[in-house]
Amino acid sequence: MATPKRSCTCLLWPEAGPTASGRLVGLGVITAVAFLFRHDHGVYIGLFAVTLLVATHWSEPRQSLTAVGRYAVVTTLCLLPYGIFIQATTGLTAYVQEVWGPGRRVIDLRINPLPFNVDFSALLLRMNPPSQRRVNVRWAADLDDTVRRELATTYGLSDPVQVEGTTWSYVPNDVGSETLTALIGDPVVEDTSGVDRQTATLVQERLWTRMTRRLPVLRMQLLPGVATEGNALASLYYLFLLVPVACVVTLLVCLRRGLLSPAETAWSIAATLLLAVALQTLVRGSPDSRLPDVAGLVVALASWAAGHWLAGGGPGWTTGTRWTAAGVLWLSVAWAAAIFGDLPGKVDKLGVLSGLGEANDRLTQRIDGDRLRPMDTWHYDHGLGALTRWAQTCTAPTDRLFVTWFAPEVFFFAERAFAGGQVYLHPGWHSSPADQRLTLERLRRQRVPIALSLADDDAFPRQFPLVFEHVMRRYRVVAESTFGGQLSYAVRVDRQLSPTRIHDPLGLPCYR
9 MATPKRSCTC LLWPEAGPTA SGRLVGLGVI TAVAFLFRHD HGVYIGLFAV TLLVATHWSE
69 PRQSLTAVGR YAVVTTLCLL PYGIFIQATT GLTAYVQEVW GPGRRVIDLR INPLPFNVDF
129 SALLLRMNPP SQRRVNVRWA ADLDDTVRRE LATTYGLSDP VQVEGTTWSY VPNDVGSETL
189 TALIGDPVVE DTSGVDRQTA TLVQERLWTR MTRRLPVLRM QLLPGVATEG NALASLYYLF
249 LLVPVACVVT LLVCLRRGLL SPAETAWSIA ATLLLAVALQ TLVRGSPDSR LPDVAGLVVA
309 LASWAAGHWL AGGGPGWTTG TRWTAAGVLW LSVAWAAAIF GDLPGKVDKL GVLSGLGEAN
369 DRLTQRIDGD RLRPMDTWHY DHGLGALTRW AQTCTAPTDR LFVTWFAPEV FFFAERAFAG
429 GQVYLHPGWH SSPADQRLTL ERLRRQRVPI ALSLADDDAF PRQFPLVFEH VMRRYRVVAE
489 STFGGQLSYA VRVDRQLSPT RIHDPLGLPC YR
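If you want it as structure tokens, here you go:
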């Protein structure tokens with residue numbers, strides 16, 4: 009359901025004959041795969057499939073029950089090995105209770121009140137100033153602020169803006185080869201961005217950037233007080249909520265006029281119900297990140313409803329009026345989607361506006377980057393990035409890491425598995441005494457040299473007291489620092505393991 013491919017599979021199914029045996033088998037397999045990928049995905053597709061089968065044979069209850077039964081049998085058989093595994097490890101009853109406990113909150117009806125904000129000081133038009141050419145400089149971590157400012161002045165760098173950690177952005181006033189050579193060769197300058205280090209010249213800017221600086225019309229922003237990312241998100245969210253309502257109205261009107269075939273009726277009922285459920289359960293928790301998950305289904309249903317209204321219209325609506333209203337609505341949606349998705353930024357990032365050569369270079373860089381190990385593409389050497397590099401360097405590939413908050417990037421970039429069967433310790437998820445004891449049992453069987461937590465995290469000891477007690481007893485604190493980042497981290501290591509050496513950049517112990 010949450011991916012376009014899965015949505016299209018469901019949407020196109022009625023045209024292929026939903027009750028044919030081969031189709032039922034395929035639909036059951038798809039449902040099982042979706043359930044194993046994420047349980048709620050399987051539930052979404054299962055809801056769509058059952059509704060579709062029942063609606064297709066509404067006047068023939070026996071045939072409807074037969075189709076649903078075959079579909080259920082295929083799905084169950086595909087999930088049987090997984091069910092046996094769950095029963096043999098934790099037990100199906102305990103598993104269902106654990107999943108259903110936090111998950112039942114999604115059945116409570118909720119609509120997020122996303123506000124619209126209008127800036128009346130810049131309501132109609134705004135001319136943005138030309139962008140300044142900037143370069144980034146990453147200074148040595150131990151460099152004094154006063155010395156850094158003096159060096160920036162020496163190299164003709166003005167308007168300093170801190171990017172992150174020891175990385176600062178500047179406007180270069182002296183772009184001569186001698187100055188840039190001295191800058192990149194300075195031992196306290198660890199890295200630069202925007203400077204070609206081989207030729208000691210500034211990197212050529214993108215064509216679009218140069219054009220916007222020279223042509224004021226390209227810097228013109230229409231309705232800047234209204235066309236904001238927040239307003240675009242609110243518009244799309246409320247519009248998505250109205251689509252199921254519009255589909256129900258369209259369905260009732262078309263049924264009354266006899267405009268729908270049985271297959272189209274079944275599809276529209278199933279798809280509308282699926283969208284309504286997905287909006288309530290999937291999207292409501294985080295509209296800004298979840299709206300794209302249902303966009304494919306929204307577009308299909310909205311197009312279906314719009315097609316019928318354009319063909320039939322309403323009382324007193326001329327053909328021109330209908331098409332004008334539809335055009336204004338779709339242009340508004342496209343505008344909101346472009347703002348919310350930062351379409352100009354995405355296009356600029358692709359490099360297509362700078363010519364085919366630039367676009368090809370971007371594609372080549374992307375392909376080359378995909379061949380690298382994850383850590384080779386992560387350029388953060390402070391904060392959590394520094395800790396992740398240390399964890400990868402100082403643990404064996406078979407070791408595991410224990411991280412108490414939501415930071416899956418640590419496991420990905422360090423290429424280490426998570427410990428205790430816990431990707432993160434989230435209040436309410438796998439926090440029962442039985443689950444905590446299972447986590448401890450796994451931890452005792454695994455080699456886990458490192459345990460990371462946020463220094464000010466009070467949820468971990470409160471929600472997972474058994475696991476917290478084990479960590480306090482088994483691990484010792486070797487550092488508590490921001491490591492040049494924004495958050496403060498508590499670093500603990502296993503008391504029972506002897507370090508092999510000290511990791512020079514951070515002064516932390518190594519275990520390989």
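With our numbering applied, the sequence shown covers 9 to 520. Idealized CB from N, CA, C, for every residue including glycine.
Exercise. Specify the secondary structure class of V196 as computed by DSSP and reduced to three states.
Key: coil
Quiz item: Does DSSP classify A10 as helix, strand or coil?
Solution: Unreliable placement is indicated for A10, whose pLDDT of 48 sits below 50; the coordinate value is still reported in the next sentence. Residue state, collapsed to three classes: coil.
Practice problem: From the DSSP output, in three-state form, read off H511 for me. | Solution: strand
Practice problem: Name the two residues that bound the continuous beta strand (DSSP E) containing A404. | Solution: A404 -> no beta strand (DSSP E), and no H or E assigned at all.
Quiz item: Tell me the DSSP bridge mates of L131?
Solution: BP columns for L131 are empty, so no partner.
Quiz item: Where does T412 sit, in a helix, a strand or coil, going by DSSP?
Solution: coil
Practice problem: With a floor of 4 residues, list each alpha helix (DSSP H) that falls wholly inside the stretch 288-330, ordered by position along the chain. | Solution: Fully enclosed alpha helix (DSSP H) runs of 4 or longer: 295-320.
Self-check item: Endpoints, the alpha helix (DSSP H) within which P473 is located
Solution: 473-482
Quiz item: Are the CB atoms of S139 and T220 nearer to each other than 8 angstroms?
Solution: yes
Exercise. Pull up the CB-CB distance for L358 and R370, whole angstroms please, since I reckon it's below 8 angstroms.
Key: L358 to R370, Cβ: 6 angstroms. Contact.
Exercise. Express the C-alpha separation of Q170 and V411 in angstroms, rounding to a whole number.
Key: 29 angstroms
Quiz prompt | Which of helix, strand or coil DSSP assigns to N144 | solution = Annotated three-state conformation of N144 is strand, per DSSP.
Self-check item: Spatial distance of V211 from E186 (CA atoms)
Solution: 16 angstroms
Quiz item: Cα separation between N239 and L165?
Solution: 37 angstroms
Quiz item: Cβ of D153 versus every heavy atom of the ligand NAP: is any distance shorter than 7 angstroms?
Solution: Annotation note on the ligand NAP: not contained in the displayed structure, which lists no ligands.
Practice problem: In angstroms with no decimal places, state the Cα-to-Cα distance between A422 and L100. | Solution: About 34 angstroms.
Quiz item: For A545, which residues from the same chain have a beta carbon less than 6 angstroms from its beta carbon, with the 5 sequence-adjacent residues on both sides left out?
Solution: No statement about residue 545 is possible, as the shown extent of the chain runs from 9 to 520 and does not include it.
Quiz item: Should the stretch 53-70 be regarded as contacting the stretch 275-287, the criterion being three or more beta carbon pairs within less than 8 angstroms?
Solution: Yes: at least three Cβ pairs fall under 8 angstroms.
Practice problem: Please classify F348: does DSSP put it in a helix, a strand, or coil? | Solution: helix
Quiz item: Distance, Cα to Cα, V155 vs W147?
Solution: 11 angstroms
Quiz prompt | Those residues which DSSP pairs with I458 across a bridge | solution = L409, V501
Quiz item: Touch check for the stretch 428-440 and the stretch 390-399: three-plus C-beta pairs under 8 angstroms?
Solution: no
Exercise. Could you tell me which residues DSSP puts in a beta bridge with C86?
Key: According to DSSP, which records beta bridges pairwise, C86 is partnered with nothing at all.
Practice problem: Please list, in chain order, all residues of the same chain as P469 whose beta carbon is under 6 angstroms from its beta carbon, the five residues on each side excluded. | Solution: F476
Self-check item: Endpoints, the alpha helix (DSSP H) within which Q444 is located
Solution: 441-453
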